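*Asks:* Okay, so the sequence shown: first residue is 1 according to full-length UniProt numbering, each after it adds one. C-beta: ideal position from N, C-alpha, C; glycine also. Because the structure is a prediction, the values reported are computed rather than measured. Dumping the structure here so I can ask a few things about it.
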Amino acid sequence: MASTVGARRVWSRAVLVKIKNRARFNGLEKKKNKKKKKKRVTTIRASSQKKKKMIIKRRQINGNSSVIKRSDELRRLVPGGEGMDFCRLLGETAHYIECLNTQVQVMQSLVDAQKPSN
């Protein structure tokens with residue numbers, strides 16, 4: 001579903017990157033068994049700094065703490081939602097839910113197609 005949506009949405013990019021990294025990791029594991037693993041250092045400072053700024057902004061909000069807790073929980077549930085402001089998070093969440101709903105409908109159709117008809 002994420003590949004169908006493409007890079008238009010943050011959540012789909014996050015899912016695609018996760019899949020790509022998982023495939024790389026599996027490939028590295030296979031190579032590791034054959035020869036010594038080369039040390040690879042990557043930096044993710046930009047994204048971690050962005051997350052820290054968002055956390056600081058959320059702490060500065062003079063709002064209801066339960067709303068902040070729920071929005072933080074929503075950020076963890078939506079792929080790529082950690083660095084988003086609240087309004088964009090809601091839009092991404094709505095799109096993500098639509099796509100999940102479509103996936104459920106497709107899977108239900110597959111199950112219905114596999115049932116023997118009497």
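So what's V78 in DSSP terms, helix, strand or just coil?
*Replies:* coil
*Asks:* In whole angstroms, what separates the C-alpha of R9 from that of K53?
*Replies:* Between the alpha carbons of R9 and K53 lies a gap of roughly 21 angstroms.
*Asks:* Since L89 contacts G81 with CB under 8 angstroms, what's their CB separation in whole angstroms?
*Replies:* 5 angstroms
*Asks:* Alpha carbons only, please: which of F86, Q114 and E92 is nearest the one belonging to P79?
*Replies:* Nearest to P79 by alpha-carbon distance, out of F86, Q114 and E92, is E92.
*Asks:* Roughly how many angstroms lie between the CA atoms of I97 and V17, to the nearest whole one?
*Replies:* 19 angstroms
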